[in-house]
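Enquirer:
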Amino acid sequence: MVEKEKKQIPLRLSASLWKELVAWSEDDFRSLNGQIEYILHEAVNKRKKSRNVSS
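The sequence shown finishes on residue 55 if you use this note's numbering, and the numbering steps up by one all the way, no holes.
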């Protein structure tokens, strides 16, 4: 299922974390926003899987 609607949120990051995320996103050929969304999506999927194993 692909969601078309996107929600906007303000996000404050330290300068050092921002630099690390920018470098990571460039390595993966993504925008910074796309990289953050990818990381969050992966974390949610990992959490879902770990909850299913524990049940």
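Even glycine gets a Cβ: it sits at the ideal position worked out from N, Cα and C. On a predicted model such as this, the values are computed, not experimentally measured, just so you know.
1. With contact counted as at least three CB pairs below 8 Å, one residue from each stretch, are the stretch 10-21 and the stretch 30-48 in contact?
2. Check residue 7 in the structure and name its three-state DSSP category.
3. Could you tell me the boundaries of the alpha helix (DSSP H) in which residue 21 lies?
Expert: Straight from the coordinates:
1. yes
2. Locating residue 7 in the sequence shown gives position 7, counting from the first residue. If DSSP states are grouped into helix, strand and coil, residue 7 belongs with coil.
3. If you number the sequence shown from 1, residue 21 lands on position 21. Start and end: 15-27.
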